[in-house]
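Visitor: Let me give you the structure first, and then I'll get to my questions.
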């Protein structure tokens, strides 16, 4: 039997991305975000979720995609992101969330090496769901070397407990 893992699939600029369900805390409707002065462009600000503050990252800006206005489908995904030797709670804004789906671990392919300046270092690989490709995020790499309020830059790939 093939080993499968569950991924939350989300949409960004017409593409499908996946995040390991192990890292997902919850999914929220879009809500007002408190801005932070002098924050990097990808950091929209902070939100309060039941008394805890979470920095909110605009995935579009983080990936170099054009920004768009929030719609009724826009969601904030609260995640446990590995940074250095601990997990940090961070919210990612996605255009939409599709579903939690099983992806065959053996079928996840490495990111193609095509040369040029393609930004692919945030991806762990490419999986398939039917006819669609799903780019699997590597959350540690996605957030590496960027400062967010509760964490420090994650310049090392420290092992994390499973």
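Residue numbers (UniProt numbering): 1 to 162.
Ideal placement from N, C-alpha and C gives every residue a C-beta, glycine not left out.
All values reported here derive from a predicted model rather than from experimental measurement.
1) Quick one: complete beta strand (DSSP E) runs, 3+ long, within the segment 10-37?
2) Answer with buried or exposed for residue 128, where buried requires no fewer than 16 other C-beta atoms within 10 angstroms of its C-beta.
3) Rounded to whole angstroms, what's the CA-CA distance from residue 53 to residue 88? Just pull it up for me.
4) Answer with buried or exposed for residue 107, where buried requires no fewer than 16 other C-beta atoms within 10 angstroms of its C-beta.
5) Across which residues does DSSP place residue 76 in a beta bridge pair?
6) At what residues does the beta strand (DSSP E) containing residue 128 begin and finish?
7) List the DSSP bridge partners of residue 168.
8) When the Cα atoms are used, what is the spatial distance from residue 3 to residue 62?
Guide: The relevant details are as follows:
1) Counting only runs of 3 or more, we get 15-20 and 24-29.
2) Sequence index remark: in the chain shown, residue 128 carries index 128 (1-based). Taking a 10 Å sphere around the C-beta of residue 128, we find fewer than 16 other C-beta atoms and assign the residue as exposed.
3) As a first step, residue 53 must be located in the chain shown, where it is residue number 53. As a first step, residue 88 must be located in the chain shown, where it is residue number 88. Cα-Cα distance, rounded: 11 Å.
4) The residue you call residue 107 lines up with position 107 of the chain shown. By the neighbour-count definition (other C-beta atoms within 10 Å, threshold 16), residue 107 is an exposed residue.
5) The sequence position of residue 76 within the chain shown is 76, counting from 1. Residue pairing of residue 76 in beta bridges, as defined by DSSP: 28 and 93.
6) The residue given as residue 128 occupies position 128 in the chain shown. Run containing residue 128: 123-129, per the beta strand (DSSP E) assignment.
7) Outside the displayed range of the chain (1 to 162) lies residue 168, so it cannot be described from this structure.
8) Start at 1 with the first residue of the chain shown, and residue 3 comes out as number 3. Start at 1 with the first residue of the chain shown, and residue 62 comes out as number 62. Cα to Cα, the separation comes out at about 31 Å.
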